[in-house]
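Some notes on the structure that comes next.
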Ligand SMILES: [Zn+2]
C-alpha cells in the first residue's frame, strides 16, 4: 500500500488503472478500479490541498489482499458496480 502524495502520482495511478483506495472522514472508505467518477482532480484538490490529507487520502495497492487489509471489503458502488465482494476478485488492473 502506498498513499499518493502528489497529483502527478494520482494521475499516473488513474491512467494505469491501478487498484486504488479512498478514505474520507464523512463517507465510507472505498476500493476502486479507475476510471471512477469518485477519482478526479476536484476531489483530489479538496482532500489533499484544502484539507491537507487530514480528512482522507487516496491510496494505491499491489494486490487485492493489500486493499482488503487496509480498507476492508468495500468495493466502490460506481466503478465496481455489481461486484458485492472483493474476496476472490480476479479483475485486471495495472498495465492495461
Ligand atoms: Zn470507484
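In this note's numbering, the protein residues as written are 76 to 171. The C-beta atom is built at its ideal place from N, Cα and C for all residues, glycine as well.
Cβ-heavy atom distance, residue i to ligand 1, below 7 Å
i           : result
residue 113 : yes
residue 145 : no
residue 107 : yes
residue 69  : There is no way to answer for residue 69, as the model of the chain reaches only from 76 to 171.
residue 130 : no
Own chain residues within Cβ distance below 6 Å of residue i, not counting five before or after
i           : result
residue 160 : 148
residue 105 : 97, 149, 151
residue 154 : 107, 108, 111
Where residue i falls: helix, strand or coil (DSSP)
i           : result
residue 144 : helix
residue 152 : coil
residue 139 : helix
residue 76  : coil
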